[in-house]
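Read the structure below first, then the notes.
Protein chains: 2
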Amino acid sequence: MRRATITDVAREAGVSPSTASVVFSGKTPVSAQTRERVLAAAASLGYTGPDPRAASLRRGRSGIVGVVFRDRLGTVFRDPVTTVMMDGLADAVGHLGAGLLLLRDDGSGGEPALNSAPVDAVVLLGWSAGMLASLATVRARGLPVVVIEGDAGEGVPQILLDNREGEALIARHLRDLGHREVVTLTLPLDSRRRAGWADPTTAVAVDVTRDRLAGVRDVFPGARAYASVGSLVDEGYAAGTAILARHPRPTAIIAQSDLLATGVLRAARDAGLRVPEDVSITGFDGISTDGTAPRILTTMVQPAAEKGRAAGAAIAAMLAGQDAPTIRLTSTFRRGDTTGAVPA
Amino acid sequence: MRRATITDVAREAGVSPSTASVVFSGKTPVSAQTRERVLAAAASLGYTGPDPRAASLRRGRSGIVGVVFRDRLGTVFRDPVTTVMMDGLADAVGHLGAGLLLLRDDGSGGEPALNSAPVDAVVLLGWSAGMLASLATVRARGLPVVVIEGDAGEGVPQILLDNREGEALIARHLRDLGHREVVTLTLPLDSRRRAGWADPTTAVAVDVTRDRLAGVRDVFPGARAYASVGSLVDEGYAAGTAILARHPRPTAIIAQSDLLATGVLRAARDAGLRVPEDVSITGFDGISTDGTAPRILTTMVQPAAEKGRAAGAAIAAMLAGQDAPTIRLTSTFRRGDTTGAVPA
DNA sequence: TTGTATGCGTTATCAG
DNA sequence: CTGATAACGCATACAA
Chain A
78 MRRATITDVA REAGVSPSTA SVVFSGKTPV SAQTRERVLA AAASLGYTGP DPRAASLRRG
138 RSGIVGVVFR DRLGTVFRDP VTTVMMDGLA DAVGHLGAGL LLLRDDGSGG EPALNSAPVD
198 AVVLLGWSAG MLASLATVRA RGLPVVVIEG DAGEGVPQIL LDNREGEALI ARHLRDLGHR
258 EVVTLTLPLD SRRRAGWADP TTAVAVDVTR DRLAGVRDVF PGARAYASVG SLVDEGYAAG
318 TAILARHPRP TAIIAQSDLL ATGVLRAARD AGLRVPEDVS ITGFDGISTD GTAPRILTTM
378 VQPAAEKGRA AGAAIAAMLA GQDAPTIRLT STFRRGDTTG AVPA
Chain B
78 MRRATITDVA REAGVSPSTA SVVFSGKTPV SAQTRERVLA AAASLGYTGP DPRAASLRRG
138 RSGIVGVVFR DRLGTVFRDP VTTVMMDGLA DAVGHLGAGL LLLRDDGSGG EPALNSAPVD
198 AVVLLGWSAG MLASLATVRA RGLPVVVIEG DAGEGVPQIL LDNREGEALI ARHLRDLGHR
258 EVVTLTLPLD SRRRAGWADP TTAVAVDVTR DRLAGVRDVF PGARAYASVG SLVDEGYAAG
318 TAILARHPRP TAIIAQSDLL ATGVLRAARD AGLRVPEDVS ITGFDGISTD GTAPRILTTM
378 VQPAAEKGRA AGAAIAAMLA GQDAPTIRLT STFRRGDTTG AVPA
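Taken in sequence, the protein lines are chains A and B.
Heads up: the first sequence runs through residues 78 to 421, numbered per the numbering used here.
Heads up: the second sequence runs through residues 78 to 421, numbered per the numbering used here.
Here you go:
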């Protein structure tokens, strides 16, 4: 026995299909009486509302926004910033009556899911060579697209953060406290992800890493950089241990994420150093304070949820036929108790 | 100028629409020659493949699996177990050629997105009263549904974990080490989420919490329980501080998650206690070891990715018309260096 | 406020 | 291997 359709309901209620349709969509006034009848007929037939597949064909909209990642979900969502950003994005598109479809862009060359996914628009998360393929697909399909923290060129709206200015601000904070011997612990430099002291002359492939590094060097031109393998507490612990073993020991460590900073904090402590008396530590993000208690990290708080909401707004605009501008969000300085005057 | 359709392509290539269709679907052999012609026509018209909306109406499948949460995404994905599980689920449905649609079930009574989402099947994550509404919707629509760590009753396949047995196993480990004065730090008891010592007589609403607590009490019938507000490191820190201040001080703390245990570890340290010499600490999950370095937590390692994959397999079976069995996964004991003999 | 007519773009079926 | 035909289930423009 096949499922009831709106035609069946209409017949049962003794009205036309279009009238029954309107009862469910609410697009046109319907007399209370006919509405009753239609609803009753629907109930008696076990009809639960229009088939979303048929509706989306007819409307030309599926109510779905695709989000493309370049990594495994398990990796992507380990970063609290991404998580919170997704939350903001979910809010924004939810407000639009849409949902988020998770799409993974593994550069594996296999048929990308993006090709055959019924999405109305696409959000590209982060940036990497592999994303170029996704971008090509999206443009060929003529879908509105937004890029978060990456540059897709040619008229694709972006949601950007003032990474360089923010990091420079926190670096100035340290310089004002008298620090001169500073090391910065960076996010991965490229997709090869090797940990260790970075050669100052090599170019950095990842936008976020490059910009935050530039911010530090705006203030401390000769600052040494130690690259991490990823934004994880235990990565910060390992890197922090290595950095603090260096002679002369830096008086401040500028980590490019709070997770890394949390690990450095722990490393300093295990090395018998007091924070901030012996060494100052800063982070970036301001999301995950989890794990630093009872300390409060000095960090740049970035509007992560706002990033997602801005992306959602851009999509709403493009779906409405307008074109959306690139948006540059700013982070704010938060002074915690992990930074202090340079040790005498 | 409207977008080209497969009919346009067929006309341009001088073949019938059905032939053009099979060139893209590959469902039927096509001569190399006609394939060439069709592909060339498609390229010249800027046709990038069948419209997913139309295809899904015709096929009766959208290639989308909905995942329903009861919380904000930012909250849900803060738990590494969920994250890894989602990764496994994404793998499994990706293997099926499908994607994951994030659906939030805020019990807010508003039109649930689930009603009008073009999904082929649904995964219900966690369990709560609010999920009943989602379940009703899903059943009314006749969609295959799987529940992860929750009981939906009546023939809904579940993916379960041996929470009680696993926690009992870790409790026995402590008993064998001589511990008698044990406190367990639990996950939230219910949706009100109040922190503090739990009355042993009140019923626990959350399945996971209840089962793990029962596991502890199977071994230590009188064990006191302290409820946390959520599975967070700093929650563990606060609770651990409170628990360790109690007289007599427990010789072991059984935390219901690794994140909580990580916080307790930190609290013990800040209280001047050595682990495991003065106090033993255990966790549960075995996913996020991040933040405990250089210590290794004694814990139960649960097959989180496997949970997701099992859910995916169940969905694949149901989509194929078979009915999927409930699956009970088991976690394995991992002895780290946070447990030791009871202090003299 | 209700009904009629039409097509959204595709693909399964079956005959050639 | 290819083509003709017929839905898939609905929402809209327009007429009544």
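A virtual CB, placed ideally from N, CA and C, is assigned to each residue, including glycine.
First through last residue of the beta strand (DSSP E) which encompasses residue i
i: V144(A); result: I141 to F146
i: R301(B); result: R301 to A304
i: F297(B); result: Element bounds for F297(B): n/a, residue is neither H nor E.
i: V378(B); result: T376 to V378
i: V200(B); result: A198 to L202
Per DSSP, cross-strand counterpart(s) of residue i
i: Q235(A); result: V224(A)
i: F361(B); result: Partner(s): none; F361(B) has no beta bridge.
i: F29(B); result: Given a span of 78 to 421 for chain B in the structure shown, any question on residue 29(B) remains unanswerable.
i: W274(A); result: Y303(A)
i: G176(A); result: I141(A)
i: L262(A); result: Y303(A) and A332(A)
i: R405(A); result: L237(A)
i: R79(A); result: DSSP output for R79(A) lists no bridge partner at all.
i: R181(A); result: F146(A)
Per-residue contacts from residue i into chain A (C-beta, under 7 Å)
i: N192(B); result: G126
i: S139(B); result: R130 and P195
i: A81(B); result: Neighbours of A81(B) on chain A: none; closest Cβ ~11 Å, over 7 Å.
Proximal residues of chain B, C-beta to C-beta of residue i below 8 Å
i: F361(A); result: Neighbours of F361(A) on chain B: none; closest Cβ ~18 Å, over 8 Å.
i: F297(A); result: Residues of chain B passing the Cβ test: none, with the nearest at roughly 28 Å.
i: Y314(A); result: A370 and P371
Residue span of the alpha helix (DSSP H) that contains residue i, given as start and end
i: I320(B); result: V310 to L321
i: F154(B); result: Neither: F154(B) is in no alpha helix (DSSP H) and is coded neither H nor E.
i: T96(B); result: P94 to S102
i: T214(B); result: M208 to A217
i: T84(B); result: I83 to A90
i: R112(A); result: A109 to L122
i: S133(B); result: P129 to R136
Where residue i meets chain A, residues with beta-carbon distance less than 8 Å
i: T96(B); result: Correct list: empty, because the minimum Cβ distance to chain A is about 20 Å.
i: T160(B); result: L150, G151, F154 and R155
i: R181(B); result: A167 and G171
i: L177(B); result: L178 and L179
Chain-ordered chain B contacts of residue i [CB-CB under 7 Å]
i: G273(A); result: Chain B residues near G273(A): none, gap ~18 Å exceeds 7 Å.
i: L134(A); result: R130, A131 and L134
i: A217(A); result: T125
Chain B residues whose Cβ lies nearer than 9 Å to that of residue i
i: A345(A); result: Result: empty, since nearest Cβ-Cβ is about 13 Å, beyond 9 Å.
Neighbouring residues, chain A, relative to residue i (Cβ below 9 Å)
i: M163(B); result: L150, G151, F154 and L179
Segment contact, 8 Å Cβ cut-off, at least three pairs: the region 340-353 of chain B with the region 315-325 of chain B
Touching, yes, given that three or more Cβ pairs across the two stretches are closer than 8 Å.
Hey, is the region 401-421 of chain A in contact with the region 377-386 of chain A, meaning 3+ C-beta pairs nearer than 8 Å?
Segments in contact, yes.
Do the region 296-311 of chain A and the region 242-257 of chain A touch if we need at least three Cβ pairs shorter than 8 Å?
Yes, they touch.
Can at least three beta-carbon pairs, one atom from the region 219-236 of chain A and one from the region 155-173 of chain B, be found at a separation below 8 Å?
Verdict: no, contact absent.
Taking three-plus beta-carbon pairs below 8 Å as touching, is the region 254-266 of chain A in contact with the region 321-331 of chain A?
With a cut-off of 8 Å, the region 321-331 of chain A and the region 254-266 of chain A count as touching, because enough Cβ pairs lie within range.
At least 3 beta-carbon pairs within less than 8 Å: the region 399-406 of chain B vs the region 230-244 of chain B
Touching, yes.
Is the region 149-160 of chain B touching the region 158-167 of chain A in the sense that three or more CB pairs, one from each, lie closer than 8 Å?
Yes, since at least three Cβ pairs between the region 158-167 of chain A and the region 149-160 of chain B fall closer than 8 Å, the two stretches touch.
Can you list the beta strand (DSSP E) stretches of 3 or more residues lying completely in the region 323-358 of chain A, in chain order?
Segments of the beta strand (DSSP E) lying fully in the region 323-358 of chain A: 329-332.
At least three beta-carbon pairs within less than 8 Å, the region 119-131 of chain B to the region 121-137 of chain A
Enough Cβ pairs lie closer than 8 Å, so yes.
Three CB pairs or more closer than 8 Å across the region 85-98 of chain A and the region 115-122 of chain A
Touching, yes, given that three or more Cβ pairs across the two stretches are closer than 8 Å.
contact_flag[the region 380-389 of chain B, the region 351-358 of chain B] where n(CB pairs < 8 Å) is 3 or more:
They do not touch, by the three-pair rule.
Any chance the region 300-307 of chain B sits against the region 267-284 of chain B, with 3 or more Cβ pairs inside 8 Å?
These segments touch.
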